[in-house]
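Quick notes on the structure that follows.
Protein chains: 4
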Amino acid sequence: MSASKGRVLLAYSGGLDTSCILVWLREQGYEVITYMANVGQEEDFEAAREKALKIGATKVYIEDLRRIFVEELIYPAIQANAIYENVYLLGTSLARPVIAKRQIEIAEKENCQYISHGCTGKGNDQVRFELAYYALNPGIKVIAPWRIPEFYERFPGRPALLAYAAEKNIPVTQTTDKPWSTDENLFHCSYEAGVLEDPNVTPPKNMWKLTVDPEDAPNTPERITITFKHGIPVQVKNNSDGITVSDPLDLFIYLNTIARRNGIGRIDIVENRYIGIKSRGCYETPGGTILRTAHIDLEGLVLDRQVRSLRDQFITPQYSQLLYNGQYFSPERSVLFAALLESQKSVNGEVKLKLYKGNVIVEGRKSDTEKLYDMDESSMDVTGNFSPIDADGFIKTQSIRLKKWGMSV
Amino acid sequence: MSASKGRVLLAYSGGLDTSCILVWLREQGYEVITYMANVGQEEDFEAAREKALKIGATKVYIEDLRRIFVEELIYPAIQANAIYENVYLLGTSLARPVIAKRQIEIAEKENCQYISHGCTGKGNDQVRFELAYYALNPGIKVIAPWRIPEFYERFPGRPALLAYAAEKNIPVTQTTDKPWSTDENLFHCSYEAGVLEDPNVTPPKNMWKLTVDPEDAPNTPERITITFKHGIPVQVKNNSDGITVSDPLDLFIYLNTIARRNGIGRIDIVENRYIGIKSRGCYETPGGTILRTAHIDLEGLVLDRQVRSLRDQFITPQYSQLLYNGQYFSPERSVLFAALLESQKSVNGEVKLKLYKGNVIVEGRKSDTEKLYDMDESSMDVTGNFSPIDADGFIKTQSIRLKKWGMSV
Amino acid sequence: MSASKGRVLLAYSGGLDTSCILVWLREQGYEVITYMANVGQEEDFEAAREKALKIGATKVYIEDLRRIFVEELIYPAIQANAIYENVYLLGTSLARPVIAKRQIEIAEKENCQYISHGCTGKGNDQVRFELAYYALNPGIKVIAPWRIPEFYERFPGRPALLAYAAEKNIPVTQTTDKPWSTDENLFHCSYEAGVLEDPNVTPPKNMWKLTVDPEDAPNTPERITITFKHGIPVQVKNNSDGITVSDPLDLFIYLNTIARRNGIGRIDIVENRYIGIKSRGCYETPGGTILRTAHIDLEGLVLDRQVRSLRDQFITPQYSQLLYNGQYFSPERSVLFAALLESQKSVNGEVKLKLYKGNVIVEGRKSDTEKLYDMDESSMDVTGNFSPIDADGFIKTQSIRLKKWGMSV
Amino acid sequence: MSASKGRVLLAYSGGLDTSCILVWLREQGYEVITYMANVGQEEDFEAAREKALKIGATKVYIEDLRRIFVEELIYPAIQANAIYENVYLLGTSLARPVIAKRQIEIAEKENCQYISHGCTGKGNDQVRFELAYYALNPGIKVIAPWRIPEFYERFPGRPALLAYAAEKNIPVTQTTDKPWSTDENLFHCSYEAGVLEDPNVTPPKNMWKLTVDPEDAPNTPERITITFKHGIPVQVKNNSDGITVSDPLDLFIYLNTIARRNGIGRIDIVENRYIGIKSRGCYETPGGTILRTAHIDLEGLVLDRQVRSLRDQFITPQYSQLLYNGQYFSPERSVLFAALLESQKSVNGEVKLKLYKGNVIVEGRKSDTEKLYDMDESSMDVTGNFSPIDADGFIKTQSIRLKKWGMSV
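Listed below in structure tokens is the structure:
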């Protein structure tokens with residue numbers, strides 16, 4: 001088997017699909033280097049390394065991207081209150097830019113002319129990976145086997161892959177297929193396909209991997225305080241035991257830990273994929289759910305009304321949409337990001353939360369530096385600097401156009 | 001005391017403030033008719049009627065507006081997924097148009113030149129009531145005592161009102177002031193002012209009136225199924241006991257009942273009032289919280305992606321903002337409403353929910369009539385009508401501008 | 001030559017490309033029926049009919065769609081102030097839905113399994129036609145020869161088509177290629193490609209077909225008055241000669257006539273095609289340019305401020321984008337259209353215009369029915385109903401949040 | 001007359017109104033310092049200085065703000081394509097922040113407790129000035145005589161002011177009132193009120209001050225080339241005579257000169273004032289009209305499609321609205337400005353224009369640095385890197401949701 005066709009950097013998971021792709025690519029005449037990104041998923045990376053080498057990879061890269069994932073993708077998403085179709089916190093979308101960027105860097109370093117992945121031909125991830133590849137390296141060539149007829153016609157289902165694995169001595173650890181597929185990273189775990197394809201089927205209790213069922217969570221609430229600077233969490237304090245965490249990566253991992261044990265962050269939706277197909281997904285986003293609640297709450301205290309309105313109507317939906325649609329590496333992201341950062345300058349303070357059986361309950365918030373909230377001004381009892389007569393003029397002025405309309409209808 | 005100055009229709013609650021206003025208005029030379037709207041609040045309407053007559057009202061109107069409130073305001077808000085600043089479900093805002101409209105109708109019938117209310121001079125409600133009055137009857141004159149210096153300077157606080165009540169023989173039932181103020185209707189109950197003015201103070205457990213504390217809610221979940229037609233709930237079925245409700249008003253009351261006993265719908269926020277002051281409010285919206293979750297979920301199944309995007313980016317925020325800002329009776333509402341109704345034509349189907357200690361958990365959804373979701377098409381295993389090669393062209397085409405950008409940076 | 005492969009309805013222009021396509025389709029084994037839409041372009045339809053029959057069409061449809069084009073596409077675009085990327089009035093986009101709809105109707109009537117067109121593989125029109133076809137008849141099969149390798153590789157340029165025409169006895173009227181390509185209809189004429197591909201080349205004076213050069217237009221202005229009802233023009237009066245036109249189609253044709261002789265409606269832009277390629281186009285939209293100016297002006301007089309703002313930020317860009325991107329037959333159009341119609345209810349009145357050497361100059365406007373403009377209220381000299389003290393309260397209230405911000409920076 | 005009430009910095013124009021205000025303020029017991037901003041209006045500043053001192057000003061400030069006006073307000077407005085209600089280029093709005101900011105600086109330097117202006121109580125300018133004052137100096141006190149009953153009731157019209165001037169020895173230069181009022185600066189001249197209050201009255205030919213009537217403009221066009229860097233004009237070249245200007249202020253003045261003699265930049269509209277009153281205004285914006293046309297055109301060549309869409313749907317309307325509504329000094333401006341600057345990084349290149357009797361005609365554009373436009377890719381004749389088969393997949397993918405919709409209606 002020669003490598004006359006060139007060198008491919010394959011995004012490799014160690015599973016059946018990408019192992020078969022590895023061997024198939026070699027069969028087609030490519031040299032294959034594999035690349036695994038550690039974005040926080042539970043995985044035996046060393047076993048995957050050995051397996052890749054065993055079945056023909058000439059080199060294996062395993063990269064710990066967890067810190068960059070948290071700092072460059074997750075926290076800005078928190079600043080943006082990013083959400084897709086009112087519900088989905090974009091966990092898979094957020095990891096893709098980090099993974100793709102390192103893959104391109106390695107491909108360039110290793111002089112790979114090709115880059116490959118095991119995404120299906122109907123999903124969002126193929127779009128997210130490839131648009132990132134092309135934006136970062138417009139000359140790169142992509143091999144997407146699940147969109148190549150000679151591949152997908154040869155392997156119409158799992159049995160064909162298993163037969164190929166047997167034939168090619170590819171070790172298979174998981175002999176029976178799971179009744180759904182998952183994608184896991186530090187931010188979330190997703191579940192789709194299989195039994196979930198009927199949107200009226202309730203997800204089985206044993207499906208959820210990261211969080212305990214709210215019904216099984218502790219009967220006693222936990223209380224924490226999260227401190228934000230410029231909209232980014234800089235400290236979490238567990239008010240029950242005094243544990244305090246402030247390193248960005250550790251902080252997020254710690255939030256995950258307490259959210260998971262309190263059953264926080266499960267959702268179940270039917271969403272619109274970028275390519276126009278509806279699909280059902282279940283997601284667990286434990287720490288992210290807490291951060292989102294806390295961040296939105298703090299903004300109530302410290303964000304100007306018009307800035308909030310601009311952010312909500314403009315930055316949040318556009319930023320979320322570009323994440324979902326795989327257009328993170330794009331000029332519009334730079335424009336939105338400049339606005340986002342400016343909007344977060346005043347988002348400084350702390351939020352007290354109670355975590356209880358799936359609930360994230362705000363119990364108070366304060367800011368020592370931002371003074372938009374004024375107790376006297378807000379008070380219904382104290383006049384403060386506000387003269388009620390001003391409200392009179394405000395209302396009369398606002399009524400001018402409405403009176404005109406009232407006279408016309 | 002003559003009525004030479006004219007006739008006033010006063011929005012009357014039976015409480016200390018509006019009772020003093022009633023007497024003060026008569027003292028100023030007005031004839032006073034009182035008006036109470038039943039929008040679902042817990043209230044002794046008959047006691048209020050007697051009290052108003054006792055202290056000088058020449059006529060008393062008590063109007064049951066619950067059905068119109070549910071059908072004309074609450075359900076369209078559900079269709080619109082209406083929400084203010086990401087959190088507040090607009091419970092007070094929603095009742096105002098219904099109350100104001102009937103008040104104008106009665107004022108016109110009774111030939112009142114004036115209309116009056118007991119709202120403070122710093123809040124949102126004065127704006128909501130008066131903009132509605134002016135739009136519905138541009139010639140009406142408004143008397144807002146809490147913005148008239150001779151009134152608010154004479155009654156700088158509760159003791160002055162109590163003294164006036166004693167002097168004028170106004171019966172006072174509640175001798176001590178509550179440490180917060182509330183506004184209740186069928187949709188929600190709000191809490192603000194008093195001890196809540198410090199945004200870092202956790203609301204006291206005994207404050208919440210409508211819902212049980214999630215910690216005290218039953219340990220066994222309840223399961224219900226809600227059926228929607230054109231985005232409006234037309235049936236609720238309790239899957240535990242088989243109870244089924246379909247009358248619009250009864251349905252909403254029933255949802256409130258089950259939501260309240262399961263601790264659903266509490267929030268606590270700092271929001272931006274229309275007049276530019278930040279204020280802290282706590283709200284309970286039991287049934288509304290369930291409906292919102294169910295409606296958003298069903299839209300995932302049956303709403304076209306672009307329609308959803310339009311609705312989310314334009315209709316939801318604009319409709320919510322005009323409700324909050326008291327501009328329901330306005331030409332822009334008609335424009336938004338036309339779009340909203342059109343968007344909801346396909347929102348038909350049912351959603352299965354589990355209610356458990358504050359959580360509203362979606363367990364499945366289906367639609368017998370809307371077919372945007374296609375299991376084969378969605379499936380990762382079945383090709384369906386979709387050719388993976390099409391995705392190839394889709395991605396390549398989307399990448400054109402990103403490659404150009406990638407070459408330029 | 002048998003027709004065993006099935007029956008095709010080909011959108012036929014009579015030109016070299018679609019004539020070759022007709023013959024080529026027959027060569028491939030299809031039966032071909034041709035379809036020409038008269039949307040106001042200058043064309044010898046009878047010559048095209050004869051040519052189609054001569055080269056093998058089994059049937060020829062020539063449909064006068066001008067009235068439906070004006071009433072269903074052009075006038076709503078005027079109501080919406082439709083414009084793409086600030087400049088382009090969407091002339092080509094507007095004709096496509098009308099043409100595609102009739103094509104599908106005929107295809108269904110004639111039991112054609114296939115539908116075909118001569119659009120190139122890089123442009124917008126292929127998208128506009130085909131998305132319309134698929135939305136109107138999801139089962140239809142499209143043959144787009146310029147995207148089929150065996151076609152476009154066989155005919156890499158005009159000489160190959162000419163050779164094929166010679167070989168197949170296809171009559172060729174225009175022996176030399178024009179240095180640009182055009183698309184004409186009642187609303188506009190477009191020019192692109194060829195010498196225009198260098199965006200820095202000034203369009204040659206003899207390129208413009210519909211309008212006289214402003215420099216050659218009359219030295220004496222013409223004055224007209226346009227009357228609108230619900231945002232739609234219902235009468236044009238030429239104030240110089242008293243000519244009055246009110247039939248919808250005649251009115252638009254008349255506006256074109258006077259606009260063309262006064263050099264109105266030329267533009268030259270670089271735009272972003274839907275597929276992501278930038279392209280340079282020159283366009284003449286004579287009557288449409290006058291109507292747009294007049295409609296926008298009248299809205300100033302009769303549209304509520306918030307309705308205008310909603311329309312400008314929401315309806316105009318979204319409606320324009322869906323026209324450009326070929327998504328006229330879509331659920332989102334219905335939503336936008338419902339809002340558009342509601343917004344135009346008050347757009348009643350007339351506008352006086354002066355037309356002079358490329359300029360459309362507003363000279364006044366009035367409305368006998370809409371009364372939002374109030375001379376006394378507007379006057380700087382008369383107080384009217386407005387109390388200056390109200391403005392005081394308005395400003396003070398608006399300043400609350402800005403003072404808070406001023407104290408914080 | 002003592003100054004026991006404190007010191008006022010009065011925005012002074014030298015005209016009848018502000019001269020009477022000056023004397024009246026002194027009569028009320030204030031010390032008055034006057035402030036005139038030179039923002040490019042035609043004015044005898046020295047005569048105004050002498051007059052102010054003669055009638056009692058203790059000090060006079062005359063500040064040349066033209067450069068800062070051009071660089072900080074006008075050019076960013078060009079970058080933003082700022083426009084209000086589709087037509088108005090915001091000339092008055094743009095000058096207000098510059099004027100207000102210097103006024104506050106001087107007030108602070110001179111320890112003035114008060115600031116005053118001569119704006120009427122119905123217009124936009126009172127709002128623009130005062131919101132700027134309050135944001136820049138939240139503690140400043142504003143005296144707005146035209147909103148103080150004892151002032152405006154004493155001076156109900158021009159005759160009363162003239163009588164007061166005679167009584168107080170205030171020199172009056174203009175003895176008869178103009179039939180409209182104007183506001184002039186480097187960017188524009190506005191005309192409103194008086195005979196213009198009837199929106200159907202055509203503005204008299206002699207009203208327009210800055211520009212020649214297009215009918216009287218030269219019969220020979222002038223041609224210029226404007227070079228932009230980051231969306232800001234950095235050079236204008238007159239292609240007829242070779243004159244080249246690049247200093248920011250000189251460049252804008254030069255553009256005004258050539259625009260004025262070619263009759264460019266007149267508009268006539270009915271607009272919605274911030275306070276909700278409709279008002280008719282005529283405006284001349286000569287140089288600004290040329291710049292806007294050129295900037296929009298260049299963006300077609302060099303701006304990414306999504307960036308343009310974001311800018312058009314969010315930045316342009318929001319930035320325009322905050323300028324019009326006097327909220328330039330606000331946190332939301334910072335957010336929008338960050339996005340605006342980022343969006344303009346690639347707006348580099350030059351535009352060729354023909355100026356002729358009111359028309360600004362684009363004749364070509366190029367950019368040596370930005371390469372988003374690709375002649376081969378754009379070409380209908382050359383395939384370039386684009387494969388027509390990709391368009392096939394693009395269209396098929398886009399059609400998925402539309403086919404589903406087509407099957408459902």
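Protein chains in written order, with full-length UniProt numbering: chain A, 1 to 409; chain B, 1 to 409; chain C, 1 to 409; chain D, 1 to 409.
For every residue, glycine included, the Cβ atom is placed at its ideal position computed from N, Cα and C.
8 angstroms is my cut-off, CB to CB: does Thr-182(A) come that close to chain B? Position 182 of the first sequence, counted from the start, is the residue given in the question as residue 182(A). No, Thr-182(A) does not count as interfacial toward chain B.
According to DSSP, Gln-344(D) sits in a beta bridge with which residue or residues? Locating residue 344(D) in the fourth sequence gives position 344, counting from the first residue. Under DSSP, Gln-344(D) shares a beta bridge with no residue.
Determine, using beta carbons only, whether Asn-206(B) comes closer than 8 angstroms to chain A. Within the second sequence, residue 206(B) is the residue found at index 206, counting from 1. Taking CB atoms only, Asn-206(B) has no neighbour in chain A less than 8 angstroms away.
According to DSSP, is Ile-74(C) part of a helix, a strand, or is it coil? Taking the third sequence and counting its residues from 1, one reaches residue 74(C) at position 74. DSSP places Ile-74(C) in helix when its eight states are reduced to three.
In whole angstroms, what is the alpha-carbon distance linking Asn-169(C) and Ile-55(C)? As a first step, residue 169(C) is located in the third sequence; it is residue number 169 there, counting from the start. As a first step, residue 55(C) is located in the third sequence; it is residue number 55 there, counting from the start. In a straight line, the C-alpha of Asn-169(C) is about 8 angstroms away from that of Ile-55(C).
Min CB distance Leu-372(B) to chain D below 8 angstroms: Position 372 of the second sequence, counted from the start, is the residue given in the question as residue 372(B). So, interface residue.
Please state whether the Cβ-Cβ distance between Gly-263(B) and Asp-198(B) is less than 8 angstroms. Reading the second sequence from its first residue, position 263 is the one you call residue 263(B). Reading the second sequence from its first residue, position 198 is the one you call residue 198(B). No, these two residues do not count as a Cβ contact at 8 angstroms.
Terminal residues of the beta strand (DSSP E) in which Asn-256(C) lies: Looking up residue 256(C) in the third sequence gives position 256. Careful: Asn-256(C) lies outside any beta strand (DSSP E), inside the alpha helix (DSSP H) at 248 to 261.
List, in order along the chain, the chain A residues whose C-beta lies closer than 8 angstroms to that of Thr-397(C)? On the third sequence, residue 397(C) is found 397 positions in, with the first residue counted as 1. Per Cβ cutoff of 8 angstroms: Asp-390, Ala-391, Gly-393 and Phe-394.
Any chain C beta carbon closer than 8 angstroms to Ile-115(D): As a working note, residue 115(D) is residue 115 in the fourth sequence. So no, Ile-115(D) is outside the interface.
With distances taken between CB atoms, is the gap from Ile-269(B) to Val-87(B) smaller than 8 angstroms? For the purposes of this step, residue 269(B) is identified with residue 269 of the second sequence, where counting begins at 1. For the purposes of this step, residue 87(B) is identified with residue 87 of the second sequence, where counting begins at 1. Taking 8 angstroms as the Cβ cut-off, Ile-269(B) and Val-87(B) qualify as a contacting pair.
Distance check for Val-23(C) and Ser-2(C), CA to CA, integer angstroms please. Taking the first residue of the third sequence as 1, we reach residue 2(C) at position 2. Taking the first residue of the third sequence as 1, we reach residue 23(C) at position 23. Here the model assigns Ser-2(C) a pLDDT of 48, short of 50, so the residue's position is not dependable and the matter cannot be decided.
Taking Tyr-356(D) as the query, report the chain C residues whose CB atoms sit under 9 angstroms from its CB, ordered along the chain. Within the fourth sequence, the letter at position 356 stands for residue 356(D). Near Tyr-356(D) (Cβ distances below 9 angstroms), the residues of chain C are Pro-214, Glu-215, Lys-357 and Gly-358.
Considering only residues of the same chain and omitting the five flanking positions on each side of Ile-106(C), which have a CB-CB separation below 7 angstroms? Translated into the one-based positions of the third sequence, residue 106(C) becomes position 106. Result list for Ile-106(C): Leu-9, Tyr-35 and Tyr-61, in chain order.
Assign Ser-2(A) to one of three DSSP states: helix, strand, or coil. As a first step, residue 2(A) must be located in the first sequence, where it is residue number 2. Residue placement at Ser-2(A) is flagged as unreliable, the pLDDT there being 48, under the threshold of 50; a coordinate-derived value is accordingly withheld.
Given a threshold of 16 other Cβ atoms within 10 Å of its Cβ, counted over all protein chains shown, does Thr-293(C) qualify as buried or as exposed? In the third sequence, residue 293(C) corresponds to position 293, counting from 1. It counts as buried.
Against chain D, which members of the region 328 to 357 of chain B pass a CB distance test of less than 8 angstroms? Within the region 328 to 357 of chain B, the qualifying residues are Ser-346.
If you pair each beta-carbon of the region 356 to 365 of chain D with each one of the region 334 to 344 of chain D, do three or more pairs fall below 8 angstroms? no
In chain D, what lies closer than 7 angstroms to Arg-305(B) by C-beta? Translated into positions along the second sequence, residue 305(B) becomes position 305. Within 7 angstroms Cβ-Cβ: Arg-401.
Excluding five sequence neighbours on each side, which residues of the same chain lie with their C-beta closer than 8 angstroms to the C-beta of Ser-4(A)? Within the first sequence, the letter at position 4 stands for residue 4(A). Taken in chain order, the residues that qualify are Gly-29.
Over the uninterrupted beta strand (DSSP E) stretch that includes residue 411(C), give me the two end residues. The structure shown does not extend to residue 411(C), since chain C is modelled only from 1 to 409, so the question has no answer here.
Does the CB of Ile-269(D) have a neighbour CB from chain A at under 8 angstroms? To locate residue 269(D), count along the fourth sequence from 1; it is residue 269. Answer no: the Cβ-Cβ gap between Ile-269(D) and chain A never drops below 8 angstroms.
Contact between the region 86 to 104 of chain C and the region 118 to 131 of chain C (3+ Cβ pairs under 8 angstroms): Yes, they touch.
Could you round the C-beta distance between Gly-288(B) and Phe-187(B) to whole angstroms and report it? I think they count as a contact, below 8 angstroms. The sequence position of residue 288(B) within the second sequence is 288, counting from 1. The sequence position of residue 187(B) within the second sequence is 187, counting from 1. Indeed, because the Cβ distance is near 5 angstroms, the residues count as touching under 8 angstroms.
Helix, strand or coil for Asp-374(A) per DSSP? As a position in the first sequence, residue 374(A) is number 374, starting the count at 1. Residue state, collapsed to three classes: coil.
Taking C-beta to C-beta, are Arg-7(D) and Asn-124(D) nearer than 8 angstroms? Mapped onto the fourth sequence, residue 7(D) falls at position 7. Mapped onto the fourth sequence, residue 124(D) falls at position 124. Cβ distance not < 8 angstroms, so Arg-7(D) and Asn-124(D) don't count as in contact.
Taking a contact to mean a Cβ-Cβ separation below 8 angstroms, would you say Gly-349(D) touches Glu-377(D) in this structure? By one-based count along the fourth sequence, residue 349(D) stands at place 349. By one-based count along the fourth sequence, residue 377(D) stands at place 377. Contact flag unset, no.
Using the beta-carbon of each residue, which ones in chain D are nearer than 9 angstroms to Asn-262(C)? The residue given as residue 262(C) occupies position 262 in the third sequence. Annotation: Asn-262(C) has no Cβ neighbours in chain D at a cutoff of 9 angstroms; minimum Cβ distance is about 12 angstroms.
Please classify Lys-345(C) as buried or exposed, where buried requires at least 16 other C-beta atoms within 10 Å of its C-beta. Against the third sequence, residue 345(C) aligns to sequence position 345. Lys-345(C) is buried by the Cβ-count criterion.
If we call anything under 8 angstroms between Cβ atoms a contact, is Arg-401(C) one with Arg-305(A)? The residue you call residue 401(C) lines up with position 401 of the third sequence. The residue you call residue 305(A) lines up with position 305 of the first sequence. A contact, by the Cβ cut-off of 8 angstroms.
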